[in-house]
Amino acid sequence: MASSVSRPRAARAPRGRAPRVGFVSLGCPKALVDSERILTKLRSEGYEVSPTYESADLVVVNTCGFIDAAVDESLEAIGEALEQNGRVIVTGCLGANPKRILDRHPQVLKVTGPQRYEEVVSAVHAHLPPRHDPFLDLVPPQGIRLTPRHYAYLKISEGCNNRCSFCVIPAMRGRLASRRIDEVLREAERLVGAGVKELLVISQDTSAYGADLRYARAQWRGAEWQTRFIDLARALGSLGVWVRLHYVYPYPHVDEVIPLMAERRVLPYLDIPFQHGSATVLKRMRRPAHAENTLSRIAAWRALCPELTLRSTFIVGFPGETEAEFAELLAWLEEAQLDRVGCFKYSPVEGAAANSLAAHVPPEVQEERHARFMERAAAISTRRLAARVGRRMRVLIDSVTDGAALARSEADAPEIDGVVRIGDAGSVRVGEFEDVEIVASSAYDLAGRLV
Ligand code: SF4
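Written out as C-alpha cells, the structure reads:
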C-alpha cells in the first residue's frame, strides 16, 4: 500500500448553497470559547454550521491536550471525523504538538495551535472557499454561542504565567495575555443585551487578570476602570445578572471580592483549584499561592459571607505523595468543608516537569486514595446539601421536560456542579429565574418545589 497521502484540493459547496463547516469542540470551557470565536468569524463570512459529519463540507476539530486521556479522546475524535467526513482541520491545545497528530492521522488538512483563530479561518478559506454573496448572513452582535442562550462564558485572558509542575498549558498557550477591561465589559454588555442571565468568568488564572497589562485603565459607562480582578468583579456586578468566578487562586487580593459576594453583586461562589492540602506536595506541584494558609482564609471568607460556595479540584497520587501527606489532604478537606469537589488521579503529561520527580505512586495506591478522597468529599457534600432542606432559594431554569425542570442555584455552575430538580414545574420557562423551597437532598443534588 502506498504510504504517501495525496492532499485533497479545495472543495466547493454546490452552487446555490452556503459552504458548511462541521465543528467538534472538546475540552474545557476555555476551549469552548475559542470554538465560539471561530464559529462567529465563519458565520460572519457566510459559512453555515453543520450539525452532522455527512452534511458538512469540512470538519474543524478543536482538541484538548491537558492530560493523556484528553489527548486520546482528541485523537479518536479526529479519526472519527476523518472516517465520517474525510476533510478535517485540527486546532486547540493538542494542535501545539502537530507531530503527535500527524503521526497518527497524516491525512488531516491542517493543524493549528490554541488561539490561532485567524489561522483556522485561513485554513478553512484555503480548503473550502467562502461563497461570494453580497448578502452574507449577518452575525448577531453577541456572536455565535455554543452554550444555551441564558448563560455564557466570558474569557478574560489567555495563557498563564505560573509553572505548575504537572501542567503544560503555559508551554501550549503561552504567557498571560489579558483582554482590556473595556473590551471584556462591552462583550458582557452585548451578551446581557442578548438575553444572557449568567456570565461565567474564565481564564487560566482569573486572580492574575491584568497583571501583564500593568492593570491598564480604560473608560466604561463614563467611569474609569482598571484591568484588574476586583474592578472586573465590580463592573460585571453592575450588569444585573449572575456573575460566577472560575479559576481563582487564593492570593490575598481575592479577599476584596468577598464583600461583593456578601452584597450579592457577584455570586457567592468561588472556583479555586486547590489541588492539594499538604504544603510539601503543593510545593512540589509549584502551585501559585502555595504558601498561603488557605484554611484560615476560607474561615475568614465564610465569616464575611456565610453563603459562600467553594468548588475545587484536587490531584491525588502526585509523585512522591506519602501516606502522611495524603492524610494531611484528608484532614484539610475535613476542615475546609468544601461544597463541590472534583478529584483526579495524577497522570503524567508529555513535557511536564513533574514527570522527572522521584517516587511515582503506583496505580493501585492512586486508585485507593482516590476512592478514600471521594468518599470523604461525598460525605461532606451530603451533609452540606442536607442543611439546605427547608430553605428557599432562587434558581435559574436550565431545561424543562415533561413538566419537570432542571435548575441551578447560586451554588451550582453549569455542567460541573449539581442541580435542583423541580418535579412539578408548571409553566416555568428555560432561562427564567424562579424561587423554590428545597424539599430533599442527595449527595450532589437538591429537589425543590416552586413557591
Ligand atoms: S495555574 Fe498552573 S495548572 Fe493552571 S494553567 Fe497555569 S500552570 Fe497550568
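Its first residue numbered 3, the sequence shown is counted upward by one per residue in our numbering.
Ideal placement from N, C-alpha and C gives every residue a C-beta, glycine not left out.
Could you tell me if the beta carbon of residue i falls within a distance shorter than 7 Å of some heavy atom in ligand 1?
i, result
"Arg313", "no"
"Arg165", "yes"
"Asp207", "yes"
"Val171", "Looking at the sequence itself, residue 171 is Ile, so the reference to Val does not match. Flag set: Cβ of Ile171 near ligand 1."
"Cys162", "yes"
"Pro321", "no"
"Pro31", "no"
"Pro116", "no"
"Pro252", "no"
"Pro350", "no"
"Pro100", "no"
"Pro290", "yes"
In terms of residues, what are the limits of the alpha helix (DSSP H) holding residue i?
i, result
"Tyr155", "Per DSSP, Tyr155 belongs to no alpha helix (DSSP H); it is in the beta strand (DSSP E), Tyr153 to Lys157."
"Gly195", "Ile183 to Gly195"
"Arg286", "Ala281 to Met287"
"Thr384", "Pro365 to Ala388"
"Ile103", "Pro100 to Arg106"
"Val122", "Tyr119 to His129"
"Arg299", "Thr296 to Leu306"
"Arg19", "Taken as a continuous stretch (DSSP letters only), Arg19 belongs to no alpha helix (DSSP H), as it is neither H nor E."
"Arg431", "That residue, Arg431, is in no alpha helix (DSSP H); it is neither H nor E in DSSP."
"Arg175", "Ile171 to Arg175"
So, for residue i: in the same chain, excluding its five sequence neighbours on each side, which residues have a beta-carbon less than 6 Å away from its beta-carbon?
i, result
"Ile300", "Ala338"
"Gln368", "Gly319 and Lys347"
"Ala72", "Cys66"
"Glu121", "Thr114"
Quick one: what's got a C-beta closer than 7 Å to residue i's C-beta in the same chain, skipping five residues either side?
i, result
"Leu262", "Ala235, Arg236, Gly239 and Val268"
"Leu44", "Val23, Val123 and Val126"
"Arg165", "Pro172 and Arg288"
"Ala2", "In the structure displayed, the chain extends from 3 to 453; residue 2 sits before or after that span and is not available."
"Gly405", "Asp426 and Ala427"
"Ala380", "Ala445"
"Pro100", "Val113"
Leaving out the 5 sequence neighbours to the left and right, which residues in its chain are closer than 8 Å to residue i when beta-carbon positions are compared?
i, result
"Phe137", "With a pLDDT of 41 at Phe137, under the threshold of 50, the modelled position of this residue cannot be trusted, and the question is left open."
"Ala360", "Pro321 and Gly322"
"Asp135", "Residue placement at Asp135 is flagged as unreliable, the pLDDT there being 46, under the threshold of 50; a coordinate-derived value is accordingly withheld."
"Phe331", "What sits at residue 331 in the sequence shown is Leu, not Phe. Hits under 8 Å: His278, Gly279, Ser280, Val283, Phe316, Val318 and Phe375."
"Leu215", "Ser180, Arg182 and Thr229"
"Val243", "Val194, Val198, Lys199, Glu200 and Leu201"
"Val421", "Asp400, Leu408, Ala409, Arg410, Asp414, Asp447 and Leu448"
"Gly81", "Arg106 and His107"
"Cys345", "Thr315, Phe316, Ile317, Val318, His372, Phe375, Met376 and Ala379"
"Arg394", "Asp437, Val438, Glu439, Ile440 and Val453"
"Tyr211", "Ile158, Ser159, Ser180, Ser205, Thr229, Arg230, Phe231 and Leu234"
"Thr333", "Note that residue 333 is Ala in the sequence shown, not Thr. So the list reads Gly279, once near-sequence residues are dropped."
Since residue i is in the beta strand (DSSP E), which residue starts that stretch and which ends it?
i, result
"Asp400", "Arg394 to Thr403"
"Leu202", "Glu200 to Ile204"
"Phe435", "Phe435 to Ser443"
"Glu327", "No beta strand (DSSP E) holds Glu327; the alpha helix (DSSP H) holding it covers Glu325 to Ala338."
"Ile418", "Note, Ile418: premise wrong, no beta strand (DSSP E); not H, not E."
"Arg410", "Ala406 to Ser411"
"Ala449", "Leu448 to Leu452"
"Phe316", "Thr311 to Val318"
"Cys345", "Arg342 to Lys347"
For residue i and residue j, which I take to be in contact (beta-carbon distance under 8 Å), what is that distance rounded to the nearest angstrom?
i, j, result
"Thr296", "Glu412", "Contact doesn't hold; Cβ gap of about 22 Å is too wide."
"Glu50", "Leu148", "Actually they are not in contact, since the Cβ atoms of Glu50 and Leu148 sit about 15 Å apart, beyond 8 Å."
"Ser349", "Ile69", "5 Å"
"Val351", "Val113", "So it is not a contact: roughly 19 Å between Cβ atoms."
"Asp471", "Ala409", "The first residue shown for the chain is 3 and the last is 453, placing residue 471 beyond what the model contains."
"Tyr249", "Gln221", "Wrong, their Cβ atoms sit about 27 Å apart, outside the cutoff."
"Ile424", "Gly392", "Actually they do not touch by this definition, with Cβ atoms about 16 Å apart."
"Val432", "Val397", "Between Val397 and Val432 the Cβ distance is about 12 Å, and since that is not below 8 Å, they are no contact."
"Leu156", "Ile204", "7 Å"
"Leu306", "Ile274", "Incorrect: roughly 16 Å between the Cβ atoms, too far for contact."
Between residue i and ligand 3, is there a pair consisting of the residue's CB and a ligand heavy atom that are separated by less than 7 Å?
i, result
"Pro108", "Absence of ligand 3 is noted for the structure shown, with ligand 1 being the only ligands found."
Whole alpha helix (DSSP H) runs in the segment 223-275 with 4 or more residues, listed along the chain?
231-238 and 260-264
Taking only runs that begin and end inside the segment 23-94, name each unbroken beta strand (DSSP E) of 3 or more residues, in chain order.
Fully enclosed beta strand (DSSP E) runs of 3 or longer: 50-52, 60-65 and 90-94.
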